[in-house]
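Undergrad:
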Amino acid sequence: RKSESLPAARGLIFDRNFHSKEVSIPLVSNSISFDVIVNSSTFKHNRNNIKSFVEYFYSVLGIPRDYYKGILAEPKFSRRIRSRKPIILLRDITREQHERISVFDNLTKKILLVSSPRRIYHLGPALAHVTGYVGKPTKKELNNPEIKPYQLIGKAGLEKQYDNFLRGSDGFRIQKKNSIGLVEDEKIIEDAKMGNNLVLTIDKKMQLSAYKALRRYRGTVIAIKPATGEVLAMVSNPGYDPNVLSGKNRKRRSRHYKDIIKYGGFLNIALQSKFPPASTFKTLVALAALESDHKIDFNAGSRFYCGKSFTLKSTYGSVPDQIFYNWDKKNYGEINLIQAIQHSNSVYFYQLGYKLGSEPILTYSRLFGLDKKTYIDLPGEIEGFVPSSDWKKRVYGNKWFDGDTINLSIGQGFISVTPIGMAMFYMAILNNGKIYQPFVLSEVRDPENDTIIHRTNPRIIRDIPLKASTIASVKKGLRMVVKMGTASSILNKPGLPEISGKTGTAQTRRRGSSSSNHAWFIGYAPSNAPVEEQVLVAVFVEFGVGGAVGAAPIAREIFRVAFPPGSFHNKEDRKVEEAINEELIE
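Counting in this note's numbering, the sequence shown runs from 41 upward without gaps.
Shown next, in the form of structure tokens:
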């Protein structure tokens with residue numbers, strides 16, 4: 041008699057549209073795969089007899105020698121027999137394939153069919169950085185007494201973050217086998233208990249839309265409900281296929297792993313990379329100035345003359361004046377803050393930043409958490425970086441210069457942010473200063489009766505007091521960006537909801553062409569709806585030329601899916617709704 045464990049199936053994973061496990065289609069599920077192994081006991085573990093049978097087995101099935109010569113390679117083959125390790129003939133076959141083998145009586149008596157669990161990721165690479173993947177535990181992971189060598193455990197993403205919920209409890213059975221290894225009697229002592237099911241905040245349609253829109257670029261897309269912090273979509277590219285990494289084909293797995301390492305596919309750019317925020321940061325500078333209006337005599341109507349460039353006069357005789365150009369090198373004349381946001385006028389923000397000084401800008405950057413993690417429930421998040429004069433003195437041995445403030449005013453220079461961190465700042469604008477912790481897990485449910493074991497409730501992690509006039513002015517500027525400004529040609533179109541947002545073009549060290557720049561767009565829709573109905577989208581594209589060209593078109597595809605025609609969040613639909621209401625009133 042032999043006792044052995046019954047591995048528990050991992051819990052299923054569903055998107056936000058979950059109703060019940062019977063009718064809802066999972067994002068991640070389980071299946072059973074089968075390995076065909078030699079029943080070595082029928083050959084009394086004789087090396088030559090087993091080798092002859094292996095060659096015979098493949099010849100009967102018409103499988104060429106190139107496929108199995110590695111199995112017979114010495115000294116590995118002899119070592120496996122001596123140590124009583126299984127000789128695996130076929131991996132990961134289906135029941136149908138096994139039935140085809142079963143017609144050969146002379147084969148079936150000398151082989152065993154061993155089942156093992158397999159994880160199926162139905163969206164594959166499209167959801168990889170959210171779901172993660174599973175694999176066999178490492179030696180280090182086996183130091184945890186709860187983890188067994190035969191189990192599949194979470195290696196990344198939600199599979200790792202919520203492994204304890206998903207893993208379940210193994211069962212236990214006792215088997216009696218005859219002299220040739222066939223089971224004569226079996227007794228289940230304890231049934232395996234499946235792991236808990238997860239219901240996510242992710243919207244499957246929006247996730248697929250984000251993946252398709254980003255597929256040709258290196259970057260990330262994040263869609264969030266600003267009223268709660270629920271993550272509706274999160275894509276990072278390049279990525280990986282969790283089905284390959286969790287599969288049994290070692291060669292394919294190894295090849296894919298090397299490609300992932302080569303191209304950086306494990307990196308979730310949304311959480312694990314930081315970049316200059318570029319012109320998306322001008323919104324924060326505007327906000328800091330409006331909140332500091334009593335100190336610098338400034339309001340949304342304050343006008344600066346904005347020519348092609350701004351000259352910072354040198355205070356040192358031997359040092360020449362510094363010239364900072366507008367991004368398009370155009371002369372705009374006198375404009376106010378709303379117009380400056382609309383056209384992303386750098387010269388206006390050079391002057392505003394110079395007038396304001398670096399400290400209010402850096403203070404508000406920290407208040408909004410740009411130098412902190414958001415503590416989203418996914419592993420591996422990093423912090424953004426907000427500099428200081430003390431930091432610069434310590435690292436570079438120089439004081440903070442006015443030129444540093446000028447660069448900071450347009451989101452360049454020393455500051456760097458994570459895409460999700462920057463999205464949280466824009467969330468604060470929509471929530472009157474409140475920032476909710478972003479989250480992906482909505483519910484944990486019992487696999488048998490769907491009972492809710494855990495529910496994630498929205499949690500405010502920052503609450504910055506802001507004047508209503510400040511928020512109104514900033515929102516007006518963001519609306520004008522799409523209505524008549526830098527993003528109008530892409531996002532001010534029929535069939536789309538009313539969108540507000542900000543483009544950004546981050547200069548990089550890789551200079552020489554426009555393709556050296558990173559592209560940003562952060563926006564929300566519908567602008568004319570309550571925050572509870574809005575969706576916030578952040579797009580970042582590495583070397584994407586510019587925000588309007590590289591990032592805004594990707595955001596457009598997300599908004600199209602989030603607010604399809606007929607949703608009454610669509611601009612054309614709202615016109616129809618208003619006309620109907622007018623007729624009813626008359």
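Ideal Cβ positions, reconstructed from N, Cα and C, are used throughout, including at glycine.
Check whether the Cβ atoms of M464 and T414 sit closer than 7 angstroms, and answer yes or no.
TA: yes
Undergrad: Given that a residue counts as buried once 16 or more other Cβ atoms are within 10 Å of its Cβ, and exposed if not, what is A591?
TA: buried
Undergrad: Rounding to the nearest angstrom, what Cα-Cα distance links N339 and W431 in this structure?
TA: 31 angstroms
Undergrad: Measure the Cβ-Cβ separation of T548 and A588 and say whether it is below 7 angstroms.
TA: no
Undergrad: Pick out the complete beta strand (DSSP E) segments inside the stretch 135-173, 3 residues or longer, and give them in chain order.
TA: 151-161
Undergrad: Rank I501, S156, K233 by C-alpha distance to the C-alpha of F212 and give the top, closest one.
TA: K233
Undergrad: For a minimum of 4 consecutive residues, which ranges assigned as the alpha helix (DSSP H) are wholly contained in the stretch 247-290?
TA: 282-285
Undergrad: Enumerate in chain order the residues of its own chain whose CB-to-CB distance from R159 is below 6 angstroms, with the five nearest sequence positions on each side excluded.
TA: V174, S286
Undergrad: Got a sec, what are the start and stop residues for the beta strand (DSSP E) W560 sits in?
TA: 558-565
Undergrad: Over the uninterrupted alpha helix (DSSP H) stretch that includes F97, give me the two end residues.
TA: 87-100
Undergrad: So what does DSSP say about Y297, is it helix, strand or coil?
TA: helix
Undergrad: Where N621 and R502 are concerned, what is the direct C-alpha to C-alpha distance, given to the nearest angstrom?
TA: Since pLDDT at N621 reaches only 46, below the 50 mark, its modelled position is unreliable, and the value read off the structure follows with that caveat. Roughly 40 angstroms separates the two Cα atoms.
Undergrad: Using a Cβ-Cβ cutoff of less than 6 angstroms, which residues in the same chain neighbour I228 once the five nearest sequence positions on both sides are dropped?
TA: R213
Undergrad: Can you tell me the Cα-Cα spacing of Y17 and R120, whole angstroms?
TA: Nothing about residue 17 can be reported from this structure: the residues present for the chain run from 41 to 626 only.
Undergrad: Near N528, what residues of its chain come up, given a Cβ to Cβ distance below 7 angstroms and the 5 sequence neighbours on each side ignored?
TA: Before going further, note that residue 528 is Ser rather than Asn in the sequence given. The answer, listed in chain order, is V522.
Undergrad: Suppose contacts are defined by Cβ-Cβ distances below 7 angstroms. Is K369 in contact with K348 by that definition?
TA: yes
Undergrad: Can you tell me the Cβ-Cβ gap for Y280 and G304, rounded? I've got them flagged as a contact below 8 angstroms.
TA: In fact, because the Cβ distance is near 10 angstroms, the residues do not count as touching under 8 angstroms.
Undergrad: Using the C-alpha atoms, what's the distance from S332 back to T662?
TA: Nothing can be reported for residue 662: it is not among the residues displayed for the chain, which extend from 41 to 626.
Undergrad: T260 to F603, Cα distance in whole Å?
TA: Rounded to the nearest angstrom, the two C-alpha atoms are 21 angstroms apart.
Undergrad: Among R140, S354, A595, D490, whose alpha-carbon lies nearest the alpha-carbon of A565?
TA: A595
Undergrad: Under a three-way DSSP split, which group does Y15 fall into?
TA: Since the displayed the chain opens at 41 and closes at 626, residue 15 lies outside it and no answer follows.
Undergrad: Restricting to Cα atoms, I'd like to know which of E181, K91, A49, I53 is closest to S71.
TA: A49
Undergrad: Taking CB distances under 7 angstroms as the criterion, tell me whether H334 reaches chain C.
TA: In the displayed structure, chain C is absent; only one protein chain is listed.
Undergrad: Tell me the residue span of the beta strand (DSSP E) that contains T545.
TA: 540-546
Undergrad: Suppose you measure from the CA of P537 to the CA of R600; what does that come to, to the nearest Å?
TA: A straight line joining the alpha-carbon of P537 with that of R600 spans about 8 angstroms.
Undergrad: Determine the closest residue to L248 out of V94, A273, N447, I375, with distance taken between C-alpha atoms.
TA: A273
Undergrad: Do T545 and K314 have their C-beta atoms closer together than 7 angstroms?
TA: no
Undergrad: Looking only at its chain, what residues have a beta carbon closer than 7 angstroms to the beta carbon of R551, apart from the 5 residues adjacent to it on each side?
TA: At R551, the pLDDT of 48 sits below 50, so the modelled position is not reliable; the number obtained from the coordinates is stated separately. Cβ within range, chain order: n/a, list empty.
Undergrad: Grab the span of the alpha helix (DSSP H) containing G443 for me, first residue to last.
TA: That run of the alpha helix (DSSP H) goes 442-448.
Undergrad: Any idea which residues DSSP pairs T491 with across the strands?
TA: Partner(s): none; T491 has no beta bridge.
Undergrad: What is the DSSP secondary structure of F58, reduced to helix, strand or coil?
TA: coil
Undergrad: Kindly indicate the opening and closing residues of the alpha helix (DSSP H) around S456.
TA: S456 -> no alpha helix (DSSP H), and no H or E assigned at all.
Undergrad: By Cβ distance below 7 angstroms, which residues in the same chain neighbour N376 in space, the five residues on each side in sequence not counted?
TA: Same-chain partners within the cutoff: A340, G341, S342, R343.
Undergrad: Leaving out five residues on either side along the sequence, give the residues of the same chain with a beta carbon under 6 angstroms from the beta carbon of I128.
TA: The residues are D75, I77.
Undergrad: Classify Q191: buried if its beta carbon has 16 or more other beta carbons within 10 angstroms, exposed otherwise.
TA: buried
Undergrad: If we ignore side chains and look at the alpha-carbon of each, how far apart do N277 and Q312 end up?
TA: Whole-angstrom Cα-Cα distance: 12 angstroms.
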